[in-house]
Amino acid sequence: MKKFRKVLDGLTTSSPGGTIGSPSCGSAAGTPTAAPTPKEIDVQETLVSENFQLCKTVRHGFPYQPTALAFDPVQKILAIGSRSGGVRILGRPGVDCYCQHESGAAVLQLQFLINEGALVTACADDTLHLWNLRQRRPAVLHSLKFNRERITFCHLPFQSKWLYVGTERGNTHIVNIESFVLSGYVIMWNKAIELSTKTHPGPVVHLSDSPKDEGKLLIGFESGTIVQWDLRGKKADFRIYYDEAIHSVSWHHEGKQFMCSHSDGSLTMWNLRNTTKPFQVTFPHGKIQKDGRKESCKPILKVEYKTSRNSEPFIIFSGGLSYDKAGRRPALTIMHGKAITVLEMDYPIVEFMALCETPYNNEVQEPYAVVVLLEKDLIVVDLTQSNFPVFENPYPMDIHESPVTCTAYFAECPPDIIPILYSIGAKHKKTGYSQKEWPVSGGTWTLGSHTYPEIIITGHADGSIKFWDASAITLQMLYKVKTSKVFEKPKPGEGRAAELVEEDPFAIQMVSWCPQSRIFCVVGISAHIILYRFSKYDANTQIVSLEVRLQCESEDVITPSENENNPCFSEPGSHSPQPHHQHPASPSSGTPEGIKDSIPCLKVKDRMVRVPPGYQAELVIQLLWVDGEPPQQITSLDINSAYGLLAFGNCNGLAVVDYLQKTILLCMSTLDLYGAADPYQRLTRSPRRNRQSTSEFCMRGLSNFYSDSKKRIRTSYQSLTELSDNQQSIDMERSKSPTSESRENSFSRSRSSSVSSIDRDTKEAITTLQLGESYGRKSDAVPTPCLWVGTSLGVVLLIPMSIPTDQEERMEEPVTIGPSGAILMLKGSVLRFGFLDCMGALIQSPYEVWRDANAPEDPDRPRKRKLVHFSPSSSQDTCGEGHLAVVCSERQAKVFLMPSQSCLFVHNITESSFVLRADVVSVCNSVCLACFCANGHVMTLSLPSLRPLMDINYLPLTDMRIARTFCFTNGGQALYLSSPTEIQRITYSQEMCDNLQEMLGELFTPIETPEAQNRGFLKGFFGGNANTFDREELFGEAAAGKASRSLAQHIPGQAGVEGMKVAASGVVGDLARARIALDERGQRLGELEERTALMMTSAETFSKHAHELMLKCKDKKWYQF
1 MKKFRKVLDG
11 LTTSSPGGTI
21 GSPSCGSAAG
31 TPTAAPTPKE
41 IDVQETLVSE
51 NFQLCKTVRH
61 GFPYQPTALA
71 FDPVQKILAI
81 GSRSGGVRIL
91 GRPGVDCYCQ
101 HESGAAVLQL
111 QFLINEGALV
121 TACADDTLHL
131 WNLRQRRPAV
141 LHSLKFNRER
151 ITFCHLPFQS
161 KWLYVGTERG
171 NTHIVNIESF
181 VLSGYVIMWN
191 KAIELSTKTH
201 PGPVVHLSDS
211 PKDEGKLLIG
221 FESGTIVQWD
231 LRGKKADFRI
241 YYDEAIHSVS
251 WHHEGKQFMC
261 SHSDGSLTMW
271 NLRNTTKPFQ
281 VTFPHGKIQK
291 DGRKESCKPI
301 LKVEYKTSRN
311 SEPFIIFSGG
321 LSYDKAGRRP
331 ALTIMHGKAI
341 TVLEMDYPIV
351 EFMALCETPY
361 NNEVQEPYAV
371 VVLLEKDLIV
381 VDLTQSNFPV
391 FENPYPMDIH
401 ESPVTCTAYF
411 AECPPDIIPI
421 LYSIGAKHKK
431 TGYSQKEWPV
441 SGGTWTLGSH
451 TYPEIIITGH
461 ADGSIKFWDA
471 SAITLQMLYK
481 VKTSKVFEKP
491 KPGEGRAAEL
501 VEEDPFAIQM
511 VSWCPQSRIF
521 CVVGISAHII
531 LYRFSKYDAN
541 TQIVSLEVRL
551 QCESEDVITP
561 SENENNPCFS
571 EPGSHSPQPH
581 HQHPASPSSG
591 TPEGIKDSIP
601 CLKVKDRMVR
611 VPPGYQAELV
621 IQLLWVDGEP
631 PQQITSLDIN
641 SAYGLLAFGN
651 CNGLAVVDYL
661 QKTILLCMST
671 LDLYGAADPY
681 QRLTRSPRRN
691 RQSTSEFCMR
701 GLSNFYSDSK
711 KRIRTSYQSL
721 TELSDNQQSI
731 DMERSKSPTS
741 ESRENSFSRS
751 RSSSVSSIDR
761 DTKEAITTLQ
771 LGESYGRKSD
781 AVPTPCLWVG
791 TSLGVVLLIP
801 MSIPTDQEER
811 MEEPVTIGPS
821 GAILMLKGSV
831 LRFGFLDCMG
841 ALIQSPYEVW
851 RDANAPEDPD
861 RPRKRKLVHF
871 SPSSSQDTCG
881 EGHLAVVCSE
891 RQAKVFLMPS
901 QSCLFVHNIT
911 ESSFVLRADV
921 VSVCNSVCLA
931 CFCANGHVMT
941 LSLPSLRPLM
951 DINYLPLTDM
961 RIARTFCFTN
971 GGQALYLSSP
981 TEIQRITYSQ
991 EMCDNLQEML
1001 GELFTPIETP
1011 EAQNRGFLKG
1021 FFGGNANTFD
1031 REELFGEAAA
1041 GKASRSLAQH
1051 IPGQAGVEGM
1061 KVAASGVVGD
1071 LARARIALDE
1081 RGQRLGELEE
1091 RTALMMTSAE
1101 TFSKHAHELM
1111 LKCKDKKWYQ
1121 F
């Protein structure tokens, strides 16, 4: 506990960028004023650096760019590898774990040690890793790096500790899973094929042991060569040379025949009795053409041949469709008896795997489902029903259904909001799913004690909004809103809007949500805002449309006197309440012939529409084209349900809308907001030379969310490194740019904060807005409704307002907005406001309690607005003392005392970088300022003293997607879009880091391995001796010797003591203990051997001396001694 006492005597005169006098006080703009000395501020701060720690909690969504798939049939957990080296392990809902290879190399293949709680990964950097899954956060136990060969295929037989590794050179190596060292036993490619063969067989594409005899290894080479290698005899049993390249091989469970898939779209069946040619060749999708030839087909990339006890075997494969049918989607084919079912997929198939009842490859397989990993989805098909329905996926794999363009995170929501959103969203769920339970049901997860209602909102490129229940580190879809339903469908190529935004005119840029009043507001890329109210009833409604002309006319050099006489908005009282088309007066209304003017980008439905329960659109606000130029994107938004007001701004100016009366209260350029108190000396300049420049910069901002194929929006962002390292280029960019972009486009803005005089036509964007109770002027004795305005030039403006309090008056009397009050200054673009009372507690914005406007009328209880206010002077002790205002910009944070406007504390957050996101958040029953910088640092500052509490370099390379989606929330949590398909949640609270182990699911649960079926006397006698094969005898060091040290390098893992202890409890651990015992025994044997060698040397010396003595004495007579 630290007590801060600061006497505010003339402090602002010495503080950098000090307070600028309010025009009402008569002081000259731009000069600091000495503040009157108020009472001492007495705030007891409880937060210390020990309260903060940064760590990842959980990752949601579909693994980006997946490459590999594996399933443990006993533990029933699924693993997915990705191109960036990530591994996602999934079990029952709540069991969801993300691991990352340090190298970042793509995962080529995954192999579970079935029912052992371990996983082997083979990566593109030719390294094998053994992961321990017996801890909640898996870690690498061992790694083995191949130096001279490239890994192409791996196979680990069930209950074996020897991993077969095929390479690009065609060789097969054997790795001991327990010690992660290579065996000296190697199957060289030139031994596997006949010596007479002149060509190299190609890389190994398949390895599997025969179900009939584990001592036989089937090796498939890419060229079409298949060899069955006798591991005991170290020779080939048979060799098959086929003229089509092989992609995969699958055994019949009896081990007498196997099936291959080929590059020409064919499947071949081979019998071990006669391997000279296949006994069956089929082209499942190749029809015979009129000339008698078969259609050419695409390769069958994988086939699985699975037997069933009560029906025909299943043959499941991907690919193989004919080339002729253009536009056919990727397909999975299931052949069951004579029936052929083709399941068309939305995305290309990466990998698939049949899930079977038994882990033993020599038993009837009984497949019950097939997991299909697509490029952007995960599907599980039910094989037990003839129509092959899919299972309903319990994981949130469709976050990216349309590209995510913005995010919002709300912790500690009202407890009733999640159930009501879920009940309404459940009515729109798809049907036709399999009735059976989701088959990936492994692991255990329980609801932790540290849970509270949390909601994540994602906005998408197609204009949809999704609400997600994020409580207890899970993610579940609650409800979806389609904002495009508000508008008429734009005809292809219609108008300039379509030309600029192309296929995403409804894309969401930002959202504002009040959970208490349930009012929801979205901003779209076509310079539109939609206001939604929540109702549990459906209704017939007509959407009200307001049109706002918010465009600066920079062709005319405006002098201050002209500006005063000709403001760009009419008096609030002069607005007639026309609900549909409201145009504030504009300085220039006459436009040349043929130029687009005074029309919005989109057309709102102007008829009565039936809306279902949930969020129902009430008001649409659209910015208009002006003189052939499209409206600039909206850069800031705030809504307050208690006031019934909505404020928004862009690089041209500010507008305030009364959404209860559906009128525009204010529409003003940023420059005009200052009146005579402009803190900058604007230089007059000639009109801009390039009229097209503004439209070039108009519909910008979403290109960074899309893949390269979708980057059609005109401008792209400068790279982060250019902006942070080369100040000169930044300033040049600023001078060339016609717009001073908002926080949304902050990477391509000037970072220069030492601007004393700027160009007259430089546009000053409104970057943040906040409605709340405050003191608009120094002379104010009581707080009144105010609008705090922050701009891209670091200026903070306070605009006081007068709002009728009586409900009837509020609907009829106009809200009056006074001239600008206080003006404050910071370095860099203003990002966030926050308000504290004089005891240091957070002041919430006032709100209206939710009421259902469509509910049936109750005559006994008339419907009234119920408002909740959090006054800054609510407590007795602090009455009359005002409140504290926290203002954070890209460069610095300041705390001001209101109404005196004294700057109490200032902290320069960063000099070399800039803040992308800042939020005033509650954590550990206190309040702090959390910041995320462009250089990847995450920081927290105490309030009100702005002491640095945490500064961690978390994301060294920040890209635009992360920058635009990073957001903090209460309870020490934050999130960002880590890839186009995944949301990463992190915590910056030490308490949550400590409790994280309790919150995560267990991947491994102790389960008895199913017993092998009794094969019977005859099968055991004639079917080979599968169980007598001892791999240790063949591959162990004693028999096979040591492998060449230069071939592969063993790297011990960083799993930690806990992981080693846990791993030691399984079969792998038992083997490890046995290994250690053997090592100790070997050490003792070595010592014994050394002692024996010494005795032998001593005996030899004695023998030598005795021999010499014998030679000397042999010719002497007995009496000569």
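Here the numbering used here is used: the first residue of the sequence shown is 1, the next is one more, and so on.
C-beta: ideal position from N, C-alpha, C; glycine also.
As the structure is a computational prediction, the values presented were derived from the model and not from experiment.
- Compute the Euclidean distance between the alpha carbons of Trp445 and Val657, then round it to the nearest angstrom. 48 angstroms
- Task: Report yes or no: do three or more beta-carbon pairs, one from the stretch 419–430 and one from the stretch 379–391, lie closer than 8 angstroms?
- Result: no
- Message: For the structure I just gave you, are there three or more beta carbon pairs, one from the stretch 889–908 and one from the stretch 953–964, closer than 8 angstroms?
- Response: no
- Message: Closer than 8 angstroms is the cut-off here; do at least three beta carbon pairs connect the stretch 197–212 with the stretch 165–175?
- Response: yes
- By how many angstroms is the C-alpha of Pro804 removed from the C-alpha of Glu813? 7 angstroms
- Drop a sphere of 10 angstroms on the beta-carbon of Pro453, count the other beta-carbons inside from all chains shown, and report buried for 16 or more, exposed for fewer. buried
- Item | CA-to-CA distance, Thr152 to Ile219, given in whole angstroms | 12 angstroms
- Message: Considering only their Cβ atoms, is the gap separating Val481 from Leu637 smaller than 7 angstroms?
- Response: no
- Query: Would a C-beta distance cut-off of 7 angstroms place Thr57 and Thr987 closer than the cut-off?
  - Reply: yes
- Query: Thinking C-alpha only, which one of Ala617, Gln365, Tyr360 is nearest Thr483?
  - Reply: Ala617
- Enclosing alpha helix (DSSP H) for Arg964 [first to last residue]: 960–965
- Message: For a quick check, are the C-beta atoms of Tyr1132 and Ala642 less than 7 angstroms apart?
- Response: What the structure shows of the chain is the stretch from 1 to 1121, and residue 1132 is not part of that stretch, so it cannot be assessed.
- Item | Burial state of Ile1007 (16 or more Cβ within 10 Å) | exposed
- Below 6 angstroms CB to CB, which residues in the same chain sit around Thr1101 once its five sequence neighbours on both sides are set aside? none
- Message: Rounding to the nearest angstrom, what Cα-Cα distance links Thr1005 and Thr981 in this structure?
- Response: 29 angstroms
- Which one or two residues does DSSP pair with Leu665 in a beta bridge? DSSP, once it has assigned bridges, lists no residue as partnering Leu665.
- CA nearest to the CA of Leu108, picked from Ala122, Pro783, Gly319, Lys234: Ala122
- Report all residues from its chain with a CB closer than 7 angstroms to the CB of Pro313; omit the five preceding and five following residues, and keep chain order. Tyr305, Lys306, Thr307
- Query: Under 7 angstroms, do Val140 and Gly840 count as touching if we go by C-beta distance?
  - Reply: no
- From Val923, Leu624, Ile77, pick the residue whose C-alpha is nearest to that of Ala411; which is it? Val923
- Query: How long is the line joining the alpha carbons of Gly94 and Asp780, rounded to whole angstroms?
  - Reply: 53 angstroms
- Message: Taking a contact to mean a Cβ-Cβ separation below 7 angstroms, would you say Leu946 touches Ala885 in this structure?
- Response: no
- Task: Please look up how many angstroms separate the CB atoms of Ser829 and Leu798, rounded, as I've assumed it's under 8 angstroms.
- Result: Not really, about 18 angstroms apart at Cβ, beyond 8 angstroms.
- Do you know how far the Cα of Glu351 is from the Cα of Thr282? 22 angstroms
- Item | Backbone CA spacing between Ile843 and Thr670 [nearest angstrom] | 28 angstroms
- Task: To the nearest angstrom, report how far apart Glu128 and Asp209 are at their CA atoms.
- Result: Residue 128 is actually Leu in this sequence, not Glu. About 20 angstroms.
- Quick one: what does DSSP say Pro367 is sitting in, helix, strand or coil? strand
- Ordered along the chain, which non-local residues of its own chain (more than five positions away) have a Cβ less than 6 angstroms from that of His869? Pro846
- Task: Please work out which residues of its chain come closer than 7 angstroms, Cβ to Cβ, to His155, disregarding the five sequence neighbours upstream and downstream, and give them in chain order.
- Result: Tyr164, Leu207, Ser208
- Item | Contact belief for Trp1122 with Phe914 at Cβ below 8 angstroms, rounded distance in angstroms | An answer regarding residue 1122 cannot be provided, because it is not within the stretch 1 to 1121 covered by the chain.
- Contact the stretch 617–626 vs the stretch 544–552: 3+ CB pairs below 8 angstroms: yes
- Task: Give the secondary structure of Val175 by DSSP, where H, G and I count as helix, E and B as strand, and everything else as coil.
- Result: strand
- For Glu222, which of Thr197, Ala369, Ser248, Phe896 has the nearest alpha-carbon? Ser248
- Message: Quick check on DSSP: helix, strand or coil for Lys1112?
- Response: helix
- Per DSSP, what kind of secondary structure is Tyr241 in: helix, strand or coil? strand
- Item | Whole runs of the alpha helix (DSSP H) within the stretch 809–895, excluding any shorter than 4 residues | none
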